[in-house]
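**Student:** The sequence shown begins at 1 in UniProt numbering and counts up one residue at a time.
Ideal placement from N, C-alpha and C gives every residue a C-beta, glycine not left out.
Before we start, here is the structure in question, set down as structure tokens.
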Amino acid sequence: MLTMTTPEGRTFTADTDVRLASLWADAQFGAHWDDGLPPSDQHDVMNDMIDEVHAMQDGRSPATPSPNPAHSRHRRPRSAIADEGPVPLALPTA
């Protein structure tokens, strides 16, 4: 089992980093945050959340790029778009 404590102090436990990211997304955006989002946008959000889980596992702030290529997809961290409002998410196209 993996356990993660977010910068906000929330703790999640799951079998995989993907499940940790899913639990964290649900906590941040609500249980049905992905309803109505195209699959590519759902994947982008989850990839960003997974990158942040990896950052915390590596002992870094979630917005800090990973020095480990296996933990970096060169995507904008989820925390960088946290102020864009409630779901459904309007993800950047750049």
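1) Decide yes or no for the touch test of the region 18–28 against the region 44–55: beta carbon pairs closer than 8 Å, at least 3 of them.
2) What are the start and end residues of the beta strand (DSSP E) that includes Ala14?
3) Which class does Leu2 belong to by DSSP, given the choice of helix, strand or coil?
4) Report the rounded CA-to-CA distance for Phe12 versus Pro39, giving the unit in angstroms.
5) Are Asp34 and Gln28 touching if we call contact CB-CB under 7 Å?
**Tutor:** This is what the structure gives:
1) Touching, yes.
2) It spans Thr11 to Ala14 - the beta strand (DSSP E) in which Ala14 sits, taken as one unbroken run.
3) The three-state secondary structure of Leu2, taken from DSSP, is strand.
4) When rounded, the distance between both Cα atoms is 25 Å.
5) Not in contact: Asp34 and Gln28 (Cβ atoms no closer than 7 Å).
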